[in-house]
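Chemist:
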Amino acid sequence: MTNLINQTAAALAGLLADGSVSSVDVTRAHLDHIDAVDPDVHAFLHVARDAALATAARVDARRAAGEKLGPLAGVPIAIKDVLATHDMPTTSGSKILEGWIPPYDATVVKRIRDADLIPLGKTNMDEFAMGSSTEHSAYGPTHNPWDLDRIPGGSGGGSAAAVAAFEAPLALGSDTGGSIRQPAAVTGSVGVKPTYGGVSRYGAIALASSLDQVGPVTRTVLDAALLHDVIGGHDPLDSTSLTDAWPSMTAAAQAGLKDGALKGVRVGVIKELNGAGFQAGVKQRFEETLALLTAAGAIVSEVSAPNFEYAVSAYYLILPAEASSNLARFDSVRFGIRVNPEDGPLTSERVMAATRDAGFGDEVKRRIILGTYALSAGYYDAYYGSAQKVRTLIQRDFAAAFDKVDLLVSPTAPTTAFKFGEKTEDPMAMYLNDITTIPANLAGIPGMSLPMGLAPEDGLPVGLQVMAPARADARLYTFGAAVEQLLEAHWGHTLLSQAPALANIEMFATEGGAV
Amino acid sequence: MAKAELMDYDKALELFEPVLGFEVHVELNTKTKMFCGCANEFGSGANTNTCPTCLGLPGGLPQVNRQAIESSIRLGLALGCEIAEYSRFARKNYFYPDTAKNFQTSQYDEPIAFNGQLTIELESGRQVTVDIERAHMEDDAGKLTHMGGAAGRIQGADYSLVDYNRGGVPLVEIVTQMIEGGEADAPEIGKTYVAAIREIVKALGVSNARMEEGNVRCDANVSLRPRGSNILGTRTETKNVNSLRSVERAVRYEIQRQAALLHAGGTITQETRHWHEDTGVTSAGRPKSDADDYRYFPEPDLVPVAPSRAWVEELRATLPEPPAARRKRLQADWGFVNLEFQDVVNSDLLDVMEATIAAGAPAQAARKWWTGEIARLANAAGVSADSLVTPAQVAALIELITDGTLTDRLARQVLEGVIAGEGTPSEVVASRGLAVVSDDGPLIAAIDEALASQPDVLAKIRDGKVQAAGAVIGAVMKAMRGQADAARVRELVLKRAGSAE
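From first to last, the protein sequence lines are chains C and S.
To get the numbering used here, take the position in the first sequence, counting from 1, and add 789.
To get the numbering used here, take the position in the second sequence, counting from 1, and add 360.
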């Protein structure tokens, strides 16, 4: 029998559709693998074993009854814990929501259920998506499958590690300043932050409303496109959701696999995201990728985005400001934990304060304080107001760049995965790690990260970030699929096939042969 | 509540000039809430009209109610406001358990309507123009019930219950500019202004406008400026004054209280105050300073509201006649003196009066019936007059009186029948057999019988003592069970007495 866990979602969908395998088999294989490796990886905060198998059985029964099912029906998926699920705890990585089961599903969760995907469980994340390493999860960090002593990126380290460790073929993530793309880069997986408004935020626990976007976390560009098609599109419950009629991302990705897909494509290299502070091996793989692109017929040129130098500063004003307001609702009155003060009267104000003191971690408190300060009377114009102006300037930089090129590229992250504890004591160093990914969120444009090799000095994955104009998500998928194919042809294998085995599982020595 | 030292009102006015400002919250009567699909309904079971959005659950997001925008624009237009071409919601951040998100979704520097004017007329005939600074949209808070303390107050309560049914109900907050020059009329200006707002929202149909249900709530700002000074005094904001009479009383009370305090060398604390309906006093709430920092910022979960000029003009065309102008027109049309007209207005009978008169009834007859017998029956039943009968029924009843089919006394019986659901006035006349007997035959028989049984009366009439006929008329009317025209009976009595042998 084919090894079921190292298949792409597209391949699994084919096997399920032609009856070669059942969804129960596929689901059980992944659950068994989670049991085997997750004690080391800790990608999951909750595994819904029984519910997943029951759902899979229902999908199998309907398929057996001849029902026409969607393209990803029966394929398992992991869900970032930032998304509300009516049948699983939803904590956003925070102690303040420990054990909370929402009375509703996020729109994207509803859409994957309607498309008959099989939710396996909820994945770990930095508390309220604040972080780049999952070290800020209240439930302990997730470990990078490539090196368990290293971070899997963040905030969506759980979803990225889950797909990179073959615990799930697909996962959902959310990206406020890189939380999908940076974990994808450091785990050798694929992550896409769609255009702002392209995917519903209803039921995604808000970090920064004007920056948050839900997107796919996968091992291949085509898989990401398949998942994007399931979750994307207008949702009347999200007022910022675009009403556009979107093209098929799957078709766009497939178009990228055709010969000559890269010919004549104008690729801009952002000068400001390719200089000092970037690890040598990251820069090397990036230059090699550009050379391959040129060889494949793409027109590579350098473009400048002069205002990007202010992006991190602006981001760390806008994000905390919005977060300080979004997180105000965590007050113990209607949901979540309640902590009474040790002494003194039990007024609502004192109970709220005690709950928030005990329920929020340091990074969350740090950002609430920053944001509250930035919005305060007398400081608003200098901080929040100025940051919004920078945002406009960054949007103009992108607009000017996209006048000259079709797509922009950069390394997804300045470095490969760092070791636990390396940056927790220095928030600024942690924040600067997002320098490459933040501009796309500030401008609302789509961005993708896909593997572009292993850094020679540490053997760890390096990600290529691709950005397209707002609403041009399909362009990302066409280009991304073409680059992925180009690189894999160059390497002679997929990047993740090089990942070390976990927990003595012989992942790739299967009867079906190596990937 | 300890009663504060009060200064005589006239003396207070002698020493100080009152300066007013009002914030009136109007609850819109949309089917659903401001930012979600939950029912906007008064009186449902606690927390039944709720969802992730209005409960402020993690992940909940707002969606703007188009009907609420439309109502807000119409209200803004009716207040003579300009309607913003580009308007945004903003978050007003503060922690309170009745505010599910711990921020109110309101509007800050970009309200939907601004720069309006409303002219009100006091009982003296004095006209006062109130400048409207802005009318902005926001969502209401839930309702807290404090348990275990005295009189439902938060002080001393053991715990509090929250009902979020009202949380997220659409509100329009109407903010006036400073109102100066009110002088001794200040309390009446407050009452009349709020009454005018109430009347406008009712005429527009955008609110149920029931103050007792909190559909219209008034915060009254009062400060005193010493005569001869041009420096404004410190203001207090008396919150949630929920009847017209209370607005008047609360303003008057604050003037007297502040005057006494200032005169005694004290200072006014800038604070919110609570109005106590039962004792007629205000008490200190929480300190409020201009530096209260709500950390407003544009609501990132909502897109701006940019009503097209065409839509605004379309809505302008739907505005009803302004209530004040309508009242003037109706009083003139009906030829009522002030007292008569006030009677109709105060009984909330303008609409039914207008309809009754439109259906053909003379104005005075309509007034007599609506403010008289119908109002009496309604009072007795504890319902509103317009719930008992329709204007068409009243007009038909009056018509029957005018054409002589009914006397007033018979008409009252017919009215009872109509209210009892026995049909139209004509149907009740037929089924109850209540029409005036207009055939002289039965009348003459009854008169002859009465005259015969009262020979002394007959003698008096014949002696020219015509007023003695009353006793006979009474007996005849009684015999006819009231179904006779008394004037005709009198005529016939005199005739028969003259010819009787």
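For each residue, glycine too, the CB sits at the ideal point set by N, CA and C.
All values reported here derive from a predicted model rather than from experimental measurement.
1) Okay, do the segment 1244 to 1261 of chain C and the segment 1000 to 1016 of chain C touch, 3+ Cβ pairs below 8 Å being the bar?
2) For G1301(C) and T874(C), what's the separation of their Cα atoms in angstroms?
3) If I follow the unbroken alpha helix (DSSP H) through G1070(C), where does it start and stop?
4) Is the beta carbon of V705(S) less than 8 Å from the beta carbon of I557(S)?
5) Expressed to the nearest angstrom, what Euclidean distance is found between the alpha-carbon atoms of I717(S) and A726(S)?
6) Quick one: which residues of the segment 979 to 1005 of chain C get their C-beta closer than 9 Å to a C-beta of chain S? List them in chain order.
7) Going by C-alpha to C-alpha distance, which of L592(S), T678(S), L421(S), T767(S) sits closest to T627(S)?
8) Looking only at its chain, what residues have a beta carbon closer than 6 Å to the beta carbon of V561(S), apart from the 5 residues adjacent to it on each side?
9) Take A1166(C) and list the residues in its own chain whose beta-carbon comes closer than 6 Å to its own, dropping the five residues that flank it on each side.
10) Check the Cβ-Cβ distances between P418(S) and every residue of chain C, and say whether any is below 8 Å.
11) Give every residue of the same chain whose Cβ lies closer than 6 Å to the Cβ of A1206(C), excluding the five residues on either side of it in the sequence, and list them in chain order.
12) If we count Cβ pairs, one from each stretch, closer than 8 Å, do we get three or more for the segment 385 to 401 of chain S versus the segment 503 to 511 of chain S?
13) On the CB-based measure, 16 or more other CB atoms within 10 Å of its CB, does N792(C) come out buried or exposed?
14) How about K648(S): is its C-beta nearer than 8 Å to some C-beta of chain C?
15) Using C-beta distances below 7 Å, list every residue in its chain close to E1295(C), excluding the 5 sequence neighbours before and after it, in chain order.
16) What number of angstroms, rounded off, separates the C-alpha of K1208(C) from the C-alpha of S883(C)?
17) Cα-Cα, which of V1089(C), S999(C), L1239(C) is closest to T1283(C)?
18) According to the Cβ coordinates, are L1026(C) and T896(C) closer than 8 Å?
19) Just reading off the alpha helix (DSSP H) that G1160(C) is part of, what are its end residues?
20) Tell me the DSSP secondary structure of V1058(C) in three-state form.
21) If you follow the alpha helix (DSSP H) that R577(S) is part of, which residue opens it and which one closes it?
22) Go to P378(S), then tell me how far its beta strand (DSSP E) extends in each direction, as first and last residue.
23) Assuming P891(C) and T879(C) make a contact with CB atoms under 8 Å, what is their CB distance in whole Å?
24) Any heavy atom of the ligand MG within a distance shorter than 7 Å of the CB on A806(S)?
25) Spell out whether any CB of chain C is found under 8 Å from the CB atom of A546(S).
26) Is P667(S) close to chain C? Criterion is C-beta to C-beta, closer than 8 Å.
27) If the criterion is Cβ atoms closer than 8 Å, does the pair G502(S) and D523(S) meet it?
28) Please report the straight-line C-alpha distance between I492(S) and A752(S), rounded to a whole angstrom.
29) Could you check which residue in L388(S), R617(S), M713(S) has the C-alpha nearest to that of E431(S)?
30) Against chain S, which members of the segment 883 to 909 of chain C pass a CB distance test of less than 9 Å?
31) Decide yes or no for the touch test of the segment 1262 to 1272 of chain C against the segment 1026 to 1040 of chain C: beta carbon pairs closer than 8 Å, at least 3 of them.
32) Along chain C, in chain order, which residues have C-beta atoms closer than 7 Å to that of A737(S)?
33) Apply the 10 Å Cβ neighbour rule to M361(S) and answer buried if 16 or more other Cβ atoms are within range, or exposed otherwise.
34) Looking only at its own chain, which residues have a Cβ that is under 8 Å from the Cβ of T1032(C), when we skip the five neighbours before and after it?
35) Sort L1164(C), R1118(C), D1012(C) by Cα distance to D653(S) and report the nearest one.
36) According to a CB-to-CB cut-off of less than 8 Å, which residues of the segment 1153 to 1164 of chain C neighbour chain S?
Modeler: With the structure as the only source:
1) No, the segment 1244 to 1261 of chain C is not in contact with the segment 1000 to 1016 of chain C.
2) With a pLDDT of only 39 at G1301(C), under 50, the local geometry of the prediction cannot be trusted, and the value read off the model is given with reservation. Distance between the alpha carbons of G1301(C) and T874(C): 36 Å.
3) Unbroken alpha helix (DSSP H) run through G1070(C): 1069 to 1084.
4) No, these two residues do not count as a Cβ contact at 8 Å.
5) Between the alpha carbons of I717(S) and A726(S) lies a gap of roughly 7 Å.
6) Hits within the stretch, in order: S989, R990, Y991, G992, A993, I994, A995, A997, S998, S999, L1000.
7) The candidate whose alpha carbon is nearest that of T627(S) is L592(S).
8) Once the five neighbours on either side are set aside, the close Cβ partners of V561(S) are V386, S567, A569.
9) Counting only residues of its own chain and dropping the five nearest sequence neighbours on each side, A1166(C) has no CB closer than 6 Å to any other CB.
10) With 8 Å as the cut-off, P418(S) counts as an interface residue toward chain C.
11) Once the five neighbours on either side are set aside, the close Cβ partners of A1206(C) are N933, R939, I940, V975, L1249.
12) With the cut-off at 8 Å, the segment 385 to 401 of chain S and the segment 503 to 511 of chain S do not touch.
13) N792(C) should be labelled buried.
14) Among the CB atoms of chain C, none fall inside 8 Å of the CB of K648(S).
15) Residue confidence is low: E1295(C) scores 49 on pLDDT, short of 50, so the model does not pin down where it sits. Its coordinate-derived value is still stated next. Closer than 7 Å at Cβ, skipping near neighbours: no residue.
16) Straight across, the Cα-Cα distance linking K1208(C) with S883(C) is about 22 Å.
17) Taking only the C-alpha atoms, the option nearest T1283(C) is L1239(C).
18) Cβ atoms of L1026(C) and T896(C): closer than 8 Å.
19) Segment 1151 to 1164, the alpha helix (DSSP H) holding G1160(C).
20) Three-state DSSP puts V1058(C) in a strand.
21) Premise fails: R577(S) lies in the beta strand (DSSP E), 576 to 586, not in any alpha helix (DSSP H).
22) First-last of the beta strand (DSSP E) with P378(S): 376 to 387.
23) Between P891(C) and T879(C) a beta carbon distance of about 5 Å is seen, short of the 8 Å cut, so the two are scored as contacting.
24) Summarising the ligand content, the structure contains no ligands, and the ligand MG is consequently not present.
25) No, A546(S) does not count as interfacial toward chain C.
26) Between P667(S) and chain C, the shortest Cβ-Cβ separation is not below 8 Å.
27) Between G502(S) and D523(S), the CB-CB gap stays under 8 Å.
28) A straight line joining the alpha-carbon of I492(S) with that of A752(S) spans about 39 Å.
29) For clarity, residue 431(S) is Ser in the given sequence; the question names Glu instead. Ranking L388(S), R617(S), M713(S) by Cα distance to S431(S) puts L388(S) first.
30) Against chain S - using a Cβ distance shorter than 9 Å - the residues of the segment 883 to 909 of chain C are L886, W889, P891, P892, Y893, A895.
31) Counting Cβ pairs under 8 Å, three or more are found: they touch.
32) One point to set straight first is that residue 737(S) is Leu, not Ala, in the sequence displayed. Residues of chain C passing the Cβ test: none, with the nearest at roughly 48 Å.
33) Bear in mind that the predicted position of M361(S) carries a pLDDT of just 49, short of 50, making it unreliable; the figure below should be weighed with that in mind. Sixteen is the threshold: since fewer than 16 other Cβ atoms of the shown chains lie within 10 Å of the Cβ of M361(S), the residue is exposed.
34) Spatial neighbours of T1032(C) in its own chain (CB-CB distance under 8 Å, excluding positions within 5 residues in sequence) are listed in chain order as H1023.
35) Taking only the C-alpha atoms, the option nearest D653(S) is L1164(C).
36) Result list: T1161, L1164.
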